[in-house]
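Let me begin by presenting the structure, written as structure tokens, before commenting on it.
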Amino acid sequence: MSRLPGGVAALLPVWTGVAAAALHGAGALKSLPGLAALPFDLTAAAALLLLPALPLLLATRRWTLGRGLAVPLLGALLLLLWLVLAGTWSPSRAVLAEKLPQLVLLGPAMLAAGFLVGAEPAALGRFCGAALALGLLVGGAVAWGVAADRVVLGGEPGADPGRVRVQYQLAGLAIATAAALAAVRAVEARGAAGRLFWLALTAVLALAVLVPGGRLALLGLLAAVALAPALLLWRRGRRAAALAWVAGVGLAAIAGLAALAARPGWVEGLRTLERLFGDPASATPARLLLWERALRWGGLAAPFGLGTAGFTIAAGFGEDRGFYPHNHALEALAEGGLPGLGLWLAAFGGGAVLALRQARHVPPGRAARVAAVTLPVALSAMVSTDLGNRMVWFALGLLLSLAAEARAPEAEAGGG
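Residue numbers (my numbering): 222 to 637.
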């Protein structure tokens, strides 16, 4: 374990946490006015900023690894290797060429980044602070854009509606994460004024998530705001308060949605609620159709699957990545066959089990913050994204980080 000069050592957690938050939320940042038109890619810039910090973090901390990491880590590694092998019998060329580099290059890198950041308390704190600020910035910018008629949600004539829709889904996830982190701060705050401030901020973010149009983001916000602070209260021994918090969030959500449903005029401009209450439920049958076809092709192509990125062609959609199964488990089954599904369960299912077990042994605030960040992404993985999504691999790294701890030299000296 090496040591850094004092200034660099103090800066390292800030550098790592902020850069990781920028990389994790780069898709949401691209929805901000002006940033999408930058002459460089935000994702690549954030990755280049984070890359030098991770080896320094690894080399300057004393690492303690807990039990249970082997199964999900080995499952993740073998899953990636299997998907590369499965690409050899895939009928796809265009989607495969786009998806494989994301899996092989970004997947392990994002998993490692989430693991290192989540295991270092100071870096995790800076990451969560930056993620909260990013969600506030995105929520404010989207709301301002709608009020000023500067953006058209869902796509404008001549634009790519699919690209715009994904962009605002990512914005909604950033807002949902920020709301959950604010709710955790509300539970941690001392004094009525502090609690009211963070509760008000959570409510503002909950309103902001109604603007972009992502129903998944609204669901992710409700789940994370309810469960992450409840985990904190439960770990502190306040079990009645934890149950009351979950019930209170549920009742507040039901009351708010009922009030908005009863006042159709209030829904105007809130794209999420317009889709929830006013639009025909065309998206749900489409997603169910994709799930049904993924299950069917998982059976027809057993035991080894269609090959990586082969689902859209087999399902009759051609080389169009937008028609992936919208569920990671079904995607692993359809394209990777039974080995793919088994390895996905070992990696992501094993990671979830490990995190649930380790949440009892780490500081309550740390467990709650990891839950606040990963819950919206976990929901997205089961109904929205594909296996090439970098946010999912980062979230897996955060889950696994609960079985590790990184201590700085000064922390050890202070503890000695």
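Even for Gly, the Cβ is constructed at its ideal location relative to N, Cα and C.
Look at Ala429 here: in three-state DSSP terms it is helix.
Residue Gly361 holds the alpha-carbon nearest to the alpha-carbon of Leu431 among Ala462, Gly361, Ala414, Trp419. For Leu286, the secondary structure class from DSSP, reduced to helix, strand or coil, is strand. Per DSSP, the continuous alpha helix (DSSP H) segment holding Arg587 begins and ends at 585-604. Note on Val594: 16 or more other CB atoms within 10 angstroms of its CB, so buried under the neighbour-count rule. A direct Cα-Cα distance of roughly 6 Å separates Leu623 from Ala576. Only residues of its own chain outside the window of five on either side were considered, and among them Arg347, Ala351 have a CB closer than 7 Å to the CB of Val239, listed in chain order. Assigned with DSSP and collapsed to three states, Arg416 falls in helix.
Here the alpha carbons of Leu301 and Gln323 stand approximately 10 Å from one another. Spatial neighbours of Trp565 in its own chain (CB-CB distance under 7 Å, excluding positions within 5 residues in sequence) are listed in chain order as Leu300, His549, Ala550, Ala553. Secondary structure note for Glu552: its alpha helix (DSSP H) is the uninterrupted segment 549-565. With a minimum length of 3 residues, there is no unbroken run of beta strand (DSSP E) contained wholly in the stretch 287-375. If you look at Arg411, you'll find it isn't in any alpha helix (DSSP H); DSSP assigns it neither H nor E. Counting of Cβ neighbours within 10 angstroms places Trp310 among the exposed residues, the total staying below 16. Straight through space, the alpha carbons of Pro597 and Thr398 are spaced by roughly 7 Å.
Taking 8 Å as the cut-off, the beta carbon of Gly571 is found no closer than this to the beta carbon of Pro273.
Sequence-distant partners of Ala463 (beyond 5 residues in either direction) whose C-beta falls short of 7 Å from its own C-beta, in its chain, are Ala451, Leu454, Trp455. Between Leu442 and Ala468, the C-beta spacing is not below 8 Å.
Inter-segment contact for the stretch 553-563 and the stretch 515-535 is present: three or more beta-carbon pairs are separated by less than 8 Å.
Note on geometry: alpha-carbon atoms of Ala465 and Ser313 lie some 51 Å from one another. A contact is defined here as three or more CB-CB pairs under 8 Å, and the stretch 537-549 fails this definition with respect to the stretch 580-592. A residue is called buried once 16 or more other Cβ atoms fall within 10 Å of its Cβ, and Gly537, having fewer, is exposed. Arg484 sits in coil when the DSSP states are folded into three classes, being neither helix nor strand. Around the CB of Thr285, fewer than 16 other CB atoms lie within 10 Å, so the residue is classed as exposed. Spatial neighbours of Gly618 in its own chain (CB-CB distance under 8 Å, excluding positions within 5 residues in sequence) are listed in chain order as Met331, Leu332, Ala333, Ala334, Gly335, Phe336, Leu337, Val338, Gly339.
The closest CA to that of Leu600, considering only Pro630, Gln579, Ala573, Thr237, is found on Ala573. For a cut-off of 8 Å, the C-beta gap from Val408 to Thr423 is around 10 Å, too long to register as a contact. Boundaries around Arg436 are those of the alpha helix (DSSP H), 436-456, since no beta strand (DSSP E) includes it. Secondary structure at Glu626: strand, using DSSP grouped into helix, strand and coil.
For Thr533, the uninterrupted alpha helix (DSSP H) run begins and ends at 532-535, by DSSP. Within the model, the alpha-carbon separation for Leu357 versus Ile396 is close to 7 Å. Here DSSP, grouped into helix, strand and coil, assigns Arg611 to helix. In the structure shown, Thr281 falls within a coil segment according to DSSP collapsed to helix, strand and coil.
If you check the CB distance, Lys320 and Gly609 come in under 8 Å. Here Pro560 is not near Ala515, since their CB atoms are 8 Å or more apart.
For Ala267, the enclosing alpha helix (DSSP H) stretches over residues 263-271.
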